[in-house]
Structure formats: structure tokens, C-alpha cells
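K.L.:
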Amino acid sequence: VSQLTAAAGTLTGVHVGKVLTEFHAEQHRQRIWHWLCFSVPCLVSGLIIQGTNLMPLNTDLFTLPFLLVTSGMDGLLVCFWYVTTDVMHYKNISAPFIWVGKNALAIYIGAESGIIQWSLSIFYWNTPKYSLGTLLWPGTFWGFQSSDSNRLPKITYDISVLIWTLGYIVLWILIARWMHSRKIYIKI
1 VSQLTAAAGT
11 LTGVHVGKVL
21 TEFHAEQHRQ
31 RIWHWLCFSV
41 PCLVSGLIIQ
51 GTNLMPLNTD
61 LFTLPFLLVT
71 SGMDGLLVCF
81 WYVTTDVMHY
91 KNISAPFIWV
101 GKNALAIYIG
111 AESGIIQWSL
121 SIFYWNTPKY
131 SLGTLLWPGT
141 FWGFQSSDSN
151 RLPKITYDIS
161 VLIWTLGYIV
171 LWILIARWMH
181 SRKIYIKI
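Its first residue numbered 1, the sequence shown is counted upward by one per residue in the numbering used here.
1. Leaving out five residues on either side along the sequence, give the residues of the same chain with a beta carbon under 8 Å from the beta carbon of Trp99.
2. DSSP three-state call for Ser131: helix, strand or coil?
3. Look at the alpha carbon of Tyr130 and the alpha carbon of Tyr124, and state the distance between them as a whole number of angstroms.
4. Spell out the partners DSSP gives Tyr124 in its beta bridges.
5. From which residue to which residue does the alpha helix (DSSP H) around Phe66 run?
6. State buried or exposed for Leu68, treating a residue as buried only when at least 16 other CB atoms are found within 10 Å of its CB.
7. Could you tell me how far apart the beta carbons of Thr63 and Leu54 are, in whole angstroms, since I believe they sit closer than 8 Å?
8. Leaving aside the five residues before and after Val16 along the sequence, list all residues of the same chain whose C-beta is less than 8 Å from its C-beta, in chain order.
9. Suppose contacts are defined by Cβ-Cβ distances below 8 Å. Is Leu136 in contact with Leu162 by that definition?
10. Answer yes or no: do Gly46 and Gly72 have a C-beta to C-beta separation smaller than 8 Å?
11. Checking 8 Å against the spacing of the C-beta atoms, do Leu105 and Ile169 come in under that value?
12. Quick check on this structure: which residue in Lys183, Thr127, Leu11, Gly13 has the alpha carbon closest to the alpha carbon of Lys102?
13. Is it buried or exposed for Phe80, if we count other Cβ within 10 angstroms and need 16 for buried?
14. Taking Ser2 as the reference, which of Ile115, Ser113, Thr59 has the closest Cα?
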């Protein structure tokens, strides 16, 4: 089931990209209008389907409301960044996206492999359970508690997890900036 909605999500991204290439550079209004006419109905219909309990917003099964909400939000974000960088000419604000984009593979592998947590787990008190890595990562001493380290048992509204997540993202953006300033680019 999720293969169909994953393919449809890919096609919505292709559609948004096609609008970018089809209109001439000076046709900002047509691009923005096209993206808004596509994104807003997707977002609203996804929220209506989920809000009326016709179908849940489930990321595991990649349900129709999930596809519609994420496609709608993606289109609105593309619209926002297009207006910010190309129409209003605030190019510097997009620099973090360029840094991460030029080293996307290295940033993904570094962030998902847990190399920082592993490196910090070398430093511990009495037992490895009390390492610097487990102290700084949510789930052991603070934040959510879960027996399964891959999935949250329920939605958490703990602000400390949000702050930690934003800090982790900033850390990897800074690593990407450092790599970009040294002209280190890892690619296949």
C-alpha cells in the first residue's frame, strides 16, 4: 500500500520541479500561483480526511492524508523559499541549505549512524550506562523513555526533546558549513 503513495509523493515533487523549469525566470507570479493552487487543496483535503477520522495520518503506512499533508506543506515551503531567495533576493538566508546540500551524503550518514553518540560514549562514570553519550541523548536520563530505541512509544510534548533536536540539527549544519569552508565534498 505504501508503495503507491510513495510513488505519488515522488510525482508531486516532480510536478513542483516541472513548474520551476517550464515557466520563464521572469514569470514569478505564475509559478507561485501554480504552486499555491496545487499545495493549498492538498493540505486542506489531507487535514479534512484526517480530522474527520476517515483515515488516520499514519507515517508507517504512508496513508493518503499523510501524502496530501506532506505534499501540501512541501509545496508551500517551496513557495516560501522561492519568494524569499528568488523574488526578494535574500540569497544569504539559503546558505545552510547549500552547505548541507553539497554534503548531503556525509551529513546523512553522520547524523543517522550515531557516530557522535558513539564517540561520546567513550567517556563514562563507573559503568558505560552512565556515559557522556547517554547523558546527552534523550531516552536514558531525560526526555522520552522507551524500551524500543527506534520508535517513540507515544507522542511526547517534552520541550527538552524539541530543544535537543533543534540543537542536533544546528550541530550538523555547522559541520556542513565547516566542510564547505574547507571545500570538503563527499560524493559517489
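Quick reminder that beta carbons are idealized off the backbone N, C-alpha and C, glycines included.
P.N.:
Taking the definition as stated:
1. Counting only residues of its own chain and dropping the five nearest sequence neighbours on each side, Trp99 has a CB closer than 8 Å to the CB of Ile173, Ala176, Arg177, Met179, His180.
2. Under the three-state reduction of DSSP output, Ser131 falls in the strand class.
3. Each residue's alpha carbon lies about 5 Å from the other.
4. Beta-bridge pairing links Tyr124 to Ser131.
5. Where Phe66 is concerned, the enclosing alpha helix (DSSP H) stretches over 64-82.
6. Flag for Leu68 reads buried.
7. Wrong, their Cβ atoms sit about 10 Å apart, outside the cutoff.
8. Answer for Val16: Trp35, Phe38, Asp74, Gly75, Val78, listed in chain order.
9. Going by C-beta atoms, Leu136 is not nearer than 8 Å to Leu162.
10. In this structure, Gly46 places its C-beta atom within 8 Å of the C-beta atom of Gly72.
11. Against a cut-off of 8 Å, the Cβ pair of Ile169 and Leu105 comes out as no contact.
12. The candidate whose alpha carbon is nearest that of Lys102 is Lys183.
13. Around the beta carbon of Phe80, fewer than 16 other beta carbons sit within 10 angstroms, so the residue counts as exposed.
14. Of Ile115, Ser113, Thr59, the residue nearest in Cα terms is Thr59.
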